[in-house]
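Have a look at the structure below before the remarks.
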Amino acid sequence: MGASGNNFFAQSFYANVDYITEVGAWLQEYTAAGQVRIAIVQDDGFGNPDENAVLWESNLIDPTTIGSWYTYSNLLIPVSIGTKYWLLVDGVNTGASGSSYAGTSSSYTDTYENLKYSNDGGVTWTADVA
66 MGASGNNFFA QSFYANVDYI TEVGAWLQEY TAAGQVRIAI VQDDGFGNPD ENAVLWESNL
126 IDPTTIGSWY TYSNLLIPVS IGTKYWLLVD GVNTGASGSS YAGTSSSYTD TYENLKYSND
186 GGVTWTADVA
């Protein structure tokens, strides 16, 4: 993800609490300056992330070359129970010239949807067929 790859990776989930208190993603730098941000965003109403409806966004992350979890705790992100949201890894608006990996899993979240990615800044989304 980044300068030479996907702009965004996103995984959907249904909120089962009133507030999200911790957000994290597994990240690894692939080429130098592979900075990203992670965010919680709303659904666009068509089953895709809405990268313009950001509920929370991390600072710029410059992952290490050894992959690890980047976790943010003690948050208070208001959400509605039963509503679909997205964990978004954003490699598009950072000005980065490199790229990074985002960790994936073969386990589904409670939406049973595959990870989605976008190569055009979030205009169109494709489901990953892991």
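Residue numbers for the sequence shown follow this note's numbering, beginning at 66 and rising by one.
Backbone N, C-alpha and C fix where the C-beta goes; we use that ideal spot for every residue, glycine too.
Computed from a prediction, not measured in an experiment: that's the story for all the values here.
Buried or exposed by the 16-neighbour rule on C-beta atoms within 10 Å, applied to residue i
{"i": "GLY67", "result": "Low local confidence applies: a pLDDT of 42 at GLY67 is under 50, so the model's placement there is unreliable, with the coordinate-based value given in what follows. Per the 10 Å Cβ criterion, buried."}
{"i": "VAL106", "result": "buried"}
{"i": "PHE73", "result": "buried"}
{"i": "ILE146", "result": "exposed"}
{"i": "ASN81", "result": "exposed"}
{"i": "ASP83", "result": "exposed"}
{"i": "ILE131", "result": "exposed"}
{"i": "GLU87", "result": "exposed"}
Local conformation of residue i per DSSP, three classes
{"i": "ASP185", "result": "coil"}
{"i": "GLU178", "result": "coil"}
{"i": "ILE146", "result": "coil"}
{"i": "THR191", "result": "strand"}
{"i": "ASP83", "result": "coil"}
{"i": "LEU92", "result": "strand"}
{"i": "LEU140", "result": "coil"}
Residues of its chain near residue i, where Cβ-Cβ distance is below 7 Å and the 5 sequence neighbours each way are ignored
{"i": "ASP115", "result": "VAL106, GLN107, ASP108, ASP109"}
{"i": "THR159", "result": "Confidence at THR159 is low in this model, with a pLDDT of 48, below 50, so the placement of that residue should be treated as unreliable; the coordinate-derived value is given next. So the list reads GLN100, VAL101, ARG102, LEU125, once near-sequence residues are dropped."}
{"i": "THR189", "result": "SER183"}
{"i": "ASP175", "result": "PHE78, TYR79"}
Enclosing beta strand (DSSP E) for residue i [first to last residue]
{"i": "LEU153", "result": "149-155"}
{"i": "TRP134", "result": "133-137"}
{"i": "ALA75", "result": "73-79"}
Cut-off 6 Å between Cβ atoms - residues of its own chain near residue i, not counting five sequence neighbours on either side
{"i": "ALA192", "result": "ASN179, LYS181"}
{"i": "ALA75", "result": "PRO114, TRP151, LEU153, LYS181"}
{"i": "THR148", "result": "ALA80"}
{"i": "LEU141", "result": "TYR84"}
{"i": "LEU120", "result": "ILE105, ILE142"}
Cβ neighbours of residue i in the same chain (closer than 8 Å, five flanking residues each side left out)
{"i": "TYR135", "result": "GLY89, ALA90, TRP91, LEU92, ILE103, SER123, ILE126, PRO128"}
{"i": "TYR177", "result": "none"}
{"i": "ALA118", "result": "VAL106, GLN107, ASP109"}
Entirely within the stretch 97-129 and at least 3 residues each: give me those beta strand (DSSP E) ranges in chain order.
102-108, 114-122
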